[in-house]
Amino acid sequence: MDPAHDPVEGMIGMEVLEQFDVDFDFPAGRLRLWKPHTVENVAKKAGMTTVDAVVVNETRLLGFRVVSSSVPRDATGGLAAQPFLGVVDCGASF
């Protein structure tokens, strides 16, 4: 669909999003829904990096490790600071 020709407004809930691999392309103003387990190859071809995520308890929110790019590395190349948990917030109240 072309948003300039066919404007779409509304909400897509987790019940729909959890059935797909989802690409939130904010700069382009697009949301792409892919068949489950298919987008990884597309992302690799585009030079994207995998971000490991976990489902946070019964909330079903997605969490991932976050470390500032300014955190120095130790002598072995490891992080000199403890990562913290980031959460993907889609704005839904569940």
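So that you can map any letter, position 4 of the sequence shown is 596 in our numbering, and since no number is skipped, the others follow by simple counting.
Built from N, CA and C at the ideal position, the CB exists for glycine as well.
Which of helix, strand or coil DSSP assigns to residue i
i: V634; result: helix
i: V647; result: strand
i: V679; result: strand
i: V658; result: strand
i: V663; result: coil
Pair within 8 angstroms by beta-carbon distance, residue i and residue j
i: W626; j: D617; result: no
i: V659; j: L671; result: yes
i: M603; j: R652; result: no
Cβ-Cβ separation, residue j to residue i (assumed contact under 8 angstroms), whole Å
i: V679; j: V648; result: 7 angstroms
i: D644; j: V631; result: Going by Cβ atoms, the distance from D644 to V631 rounds to 15 angstroms, so no, they are not a contact pair.
i: L677; j: G655; result: 5 angstroms
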